[in-house]
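Written below as structure tokens is the structure these notes are about.
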Amino acid sequence: MNPQTLLPVILGSVLCAICGQVSFKTATNNAGARADGWVAFAKRALPALLVGLLLYASSMLLWIFALARVELSFAFPFVSLSYVGILLAGRFRLAETMHPSRIWGAALIVGGVVLVSLSS
Amino acid sequence: MLARMIEPEKTESAAPGARTLTMGTLALVGFSVLMSVSAQLALRHGMVAHQARSGLALFRAAFESAWVLAGVAGYLLATVTWLKVLRRIDLVVAYPLGSLSFVFVTFFSAILLKEHVPLLRWLGISLILAGILVVARGERVASARPRAAENRGVPPS
């Protein structure tokens, strides 16, 4: 089978992993300090934590599905898009600045992934 | 373990140069990369036998495969270890070390899984590595500003 037909599944898996990580980060932020005891701490962290776990599980299922049909050396380089995803999440959620080396780095990673996607 | 993951970061670690790469941390990095790479190889090795299956039958077969279960366990172990690594060293150091998994996965896919890796794929992976190095360099600039790059590390795979 043409590995390119599995691209939506591979990209979906990577996207779920990125969003899962952002959820974990959100859980950390929401939780704050533990000064008011474990129960209150867990209550603040729990919603985002559950979303994160759900996203990670979806990511894993999509990944397993993809690996039944495409070579690992084709699929795995797409994981590097998570570096780009985390930069974008930092840019839009934490309002960090995108200085040149981040933009260049992200462009190189995307360029590399495009080359891999053409290699079959 | 999860409770540990959601604990807030310690703030004293933000001082530049305070988080140096010790042998202990290097061993953790090695363990995490090794786990991540072997997990991916195990997952593919376990799934390649089931490529004709679809839908539920595929997932049933997946979760009856010892290779796939070992792969999922290895992935979790690698992720948890990596989060520990990110608390000990800066992204400038962590990103290039983590990017080694892209080289190892491709190399061992060719050797152990007998995959044919075309030149174009290697070229793409080289660009990806260069990109990660450039991003890591940017994190040095970012971490010079207070608390900008804190706790944003990418877990391997």
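Those sequence lines, one after another, are chains R and H.
So the first sequence is numbered by our numbering: it starts at -16 and just counts up by one.
So the second sequence is numbered by our numbering: it starts at 44 and just counts up by one.
All residues carry an ideal CB built from backbone N, CA and C; glycine is no exception.
Since the structure is predicted, the reported quantities are computational estimates derived from the model, not experimental observations.
What does a CB cutoff of less than 6 Å around residue i pick up in its chain, not counting 5 residues either side in sequence?
i                : result
P(-14) (chain R) : V53, F57, S103
L(-11) (chain R) : A49, R52, V53
G68 (chain R)    : I1
S63 (chain R)    : I92
Less than 8 Å between C-beta atoms, sequence neighbours within five positions excluded: which residues of the same chain meet that for residue i?
i              : result
E182 (chain H) : D133, L134, V135, Y138, A192
Y39 (chain R)  : C(-1), A0, G3
R96 (chain H)  : A104
T11 (chain R)  : A28
Are the beta-carbon atoms belonging to residue i and residue j less than 7 Å from one another?
i               : j              : result
G95 (chain R)   : I171 (chain H) : yes
V148 (chain H)  : F59 (chain R)  : yes
G35 (chain R)   : F75 (chain R)  : no
F151 (chain H)  : L64 (chain H)  : no
V(-8) (chain R) : F61 (chain R)  : no
L71 (chain H)   : V123 (chain H) : no
S81 (chain H)   : W125 (chain H) : no
V91 (chain H)   : R85 (chain R)  : no
I154 (chain H)  : Y66 (chain R)  : no
L166 (chain H)  : L98 (chain R)  : yes
R130 (chain H)  : T68 (chain H)  : no
G(-5) (chain R) : L45 (chain R)  : yes
A105 (chain H)  : I47 (chain R)  : yes
V79 (chain H)   : A116 (chain H) : Per the sequence shown, the amino acid found at residue 79 (chain H) is Ser instead of Val. No, these two residues do not count as a Cβ contact at 7 Å.
Leaving aside the five residues before and after residue i along the sequence, list all residues of the same chain whose C-beta is less than 7 Å from its C-beta, in chain order.
i              : result
E79 (chain R)  : G73
F145 (chain H) : I168, I171, L172
L45 (chain H)  : Bear in mind that a pLDDT of 38 at L45 (chain H), under 50, signals an unreliable position, so the number given afterwards is only what the model happens to contain. Cβ neighbours of L45 (chain H) beyond the five flanking positions: none.
Where do the ends of the alpha helix (DSSP H) carrying residue i lie?
i              : result
T122 (chain H) : 109 to 131
T11 (chain R)  : -10 to 14
S42 (chain R)  : 21 to 50
R76 (chain R)  : 64 to 76
V146 (chain H) : 134 to 154
S56 (chain R)  : 55 to 58
A92 (chain H)  : Counting along the chain, A92 (chain H) falls outside any alpha helix (DSSP H), and DSSP gives it neither H nor E.
P83 (chain R)  : 83 to 101
How many whole angstroms separate the CB atoms of residue i and residue j, which I take to be in contact at a CB cut-off of 8 Å?
i              : j              : result
G88 (chain R)  : S42 (chain R)  : Between S42 (chain R) and G88 (chain R) the Cβ distance is about 23 Å, and since that is not below 8 Å, they are no contact.
H88 (chain H)  : L101 (chain H) : In fact, because the Cβ distance is near 16 Å, the residues do not count as touching under 8 Å.
G114 (chain H) : L86 (chain H)  : 4 Å
A14 (chain R)  : A28 (chain R)  : 4 Å
A31 (chain R)  : T9 (chain R)   : 4 Å
L33 (chain R)  : L156 (chain H) : About 35 Å; that fails the 8 Å criterion.
Flag residue i as yes if its beta-carbon sits less than 7 Å from any beta-carbon of chain B, otherwise no.
i              : result
R180 (chain H) : Note that chain B does not occur in the displayed structure, where the protein chains are R and H.
With three or more C-beta pairs closer than 8 Å as the rule, is the stretch 146 to 165 of chain H touching the stretch 79 to 93 of chain R? The stretch 79 to 93 of chain R vs the stretch 146 to 165 of chain H: no contact.
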